[in-house]
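I have placed the structure first, in the form of C-alpha cells, so that the comments after it can refer back to it.
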Amino acid sequence: MKAIAINGSPRRGWNTEKLLKEALRGAESVGAETRLVQLYDLNYTGCKSCFGCKRKGEELYCCILKDNLSPVLEEIFEADALLLGSPIYFGNISGQMASFIERLGFPLLSYDDYTKRLFNGKINSALFYTMNVPEEFYKSHMEQSLQNRVGILQRLGGLVEVYAACDTYQFTDYSKYHTATFDEGHKRKVRDEQFPKDLKAAYEIGRRLMIDKL
Ligand SMILES: Cc1cc2nc3c(=O)[nH]c(=O)nc-3n(C[C@H](O)[C@H](O)[C@H](O)COP(=O)(O)O)c2cc1C
C-alpha cells in the first residue's frame, strides 16, 4: 500500500506540510509506504491544452506532457491514497497546486461522456487547505467555491475527504512584520490549542483512507 502527499505550499515545515506529514503518519500506522512531493521543487506547467489525452484511438487517464511532474503523476496512479495540501491564496488554492490539478484532472475527464470513468482503479484522496481566515468565514464564503476539486478527485474512484485548518499562524515572529490587522495573542492561542487538533484530524484521515484499502 502506498500513500503520496503533494505539498502545494512553498514553505517547508509550515502549516500545510505539517498537516500532510501527519496524514502520512496516519497512513504509515496501518502499514503504508509513504512519499511527500514538494511541488515548489518541481519545474512544470499546468495543462497546455495539447489534447493528447483526448486523441481517438487512445483512452489515456494520465497526462502525456513530459516534465518534472510526469513521474509524479505516473506514481499517483500506482498509489492507494493521494493527499493534497494547499494554502489558500486570494481565496483559492496556490498556483502550483492549481497547475498540478489541471494536469491530474483533465486526462481523467472524458469528452465523450462526462459520467464515464477513464481510470478504473481506486485511489482514496484528501484535500487539506490551510488559511488565515477563521473557520466561520471559510464555511460561509469559501467552502462551496472550493468544492469543485472534490469532483475532480472523485474521478480517481475512491473516497474524497476535505479538511480545512483555519486561522493559521503565519509568521515566526509577528512583531517583525506589518501585521496590525491580526491579534497575535489570538493567533498563538489557535496555534497552541486548535492546530494540534487539526494535526490529529489529518492523522485520522490518512489512517482512515488506508484502512479502507486494506
Ligand atoms: C499570497 C498569499 C495570499 C493569501 N491569501 C489568503 C486568503 O485569501 N485567505 C486566507 O485565509 N489566507 C490567505 N493567505 C494566508 C495563507 O493561506 C495561510 O497563512 C496558510 O496557512 C499558509 O500555509 P503555509 O503555512 O503552509 O505556508 C495568503 C498568504 C499568501 C502568502
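Mapped onto the numbering used here, the consecutive letters of the sequence shown carry residue numbers 255 to 468.
Just so you know, even glycine gets a beta-carbon here, dropped at the ideal spot from N, CA and C.
Values in this document were obtained by computation on a predicted structure and should not be read as measured data.
Output the residue ranges of the alpha helix (DSSP H) runs that lie fully inside the stretch 375 to 429 and measure 4 residues or longer, sorted by chain position.
-> Those alpha helix (DSSP H) runs which fall completely within the stretch 375 to 429 and span 4+ residues are 402 to 408.
In the DSSP assignment, find the unbroken beta strand (DSSP E) run with TYR298 in it and report its ends.
-> As a position in the sequence shown, residue 298 is number 44, starting the count at 1. Premise fails: TYR298 is in no beta strand (DSSP E) and is neither H nor E.
N- and C-terminal bounds of the beta strand (DSSP E) containing LYS256 | To locate residue 256, count along the sequence shown from 1; it is residue 2. 256 to 261 is the span of the beta strand (DSSP E), which, as asked, contains LYS256.
Quick one: what does DSSP say LEU274 is sitting in, helix, strand or coil?
-> Residue mapping note: residue 274 aligns to position 20 of the sequence shown, counting from 1. Looking at LEU274 - three-state DSSP - the assignment turns out to be helix.
Please list, following the chain, all residues that have a C-beta closer than 5 Å to any non-hydrogen atom of ligand 1.
-> Here the list is SER263, ARG265, TRP268, ASN269, THR270, PRO341, ILE342, TYR343, PHE344, GLY345, THR384, MET385, ASN386, VAL387, THR422, GLN424.
Thinking C-beta only, is ASN269 closer than 8 Å to ALA419?
-> By 1-based counting over the sequence shown, the position of residue 419 is 165. By 1-based counting over the sequence shown, the position of residue 269 is 15. Yes; because the gap between Cβ atoms is below 8 Å, this pair is in contact.
Whole beta strand (DSSP E) runs in the stretch 279 to 352 with 3 or more residues, listed along the chain?
-> With a minimum length of 3 residues, the continuous beta strand (DSSP E) runs that stay inside the stretch 279 to 352 are 287 to 292, 335 to 343.
LEU453 versus ILE355: straight-line alpha-carbon distance, rounded | For this step, residue 453 is matched to residue 199 along the sequence shown. For this step, residue 355 is matched to residue 101 along the sequence shown. LEU453 and ILE355: Cα-Cα distance of roughly 24 Å.
Since I believe MET255 is in contact with ALA286 (beta carbons under 8 Å), could you give me their beta-carbon distance rounded to a whole number of angstroms?
-> Numbered from its first residue, the sequence shown carries residue 286 at position 32. Numbered from its first residue, the sequence shown carries residue 255 at position 1. Distance from ALA286 to MET255 at the Cβ level is roughly 4 Å; contact confirmed, criterion being Cβ atoms closer than 8 Å.
What three-state label does DSSP hand LEU450 in the structure shown?
-> The residue you call residue 450 lines up with position 196 of the sequence shown. First, the amino acid is wrong: residue 450 is Pro here, not Leu. Helix.
Quick one: measure Cβ to Cβ for ILE258 and LEU336, integer angstroms, because I've assumed they're closer than 8 Å.
-> If you number the sequence shown from 1, residue 258 lands on position 4. If you number the sequence shown from 1, residue 336 lands on position 82. Sure, about 6 Å apart at Cβ, within 8 Å.
By Cβ distance below 7 Å, which residues in the same chain neighbour LYS302 in space, the five residues on each side in sequence not counted?
-> Mapped onto the sequence shown, residue 302 falls at position 48. Around LYS302, the same chain offers LEU319 as residues with beta carbons nearer than 7 Å, after the five sequence neighbours per side are excluded.
Between which two residues does the alpha helix (DSSP H) carrying ARG442 extend?
-> By 1-based counting over the sequence shown, the position of residue 442 is 188. DSSP places ARG442 inside the alpha helix (DSSP H), whose first and last residues are 438 to 443.
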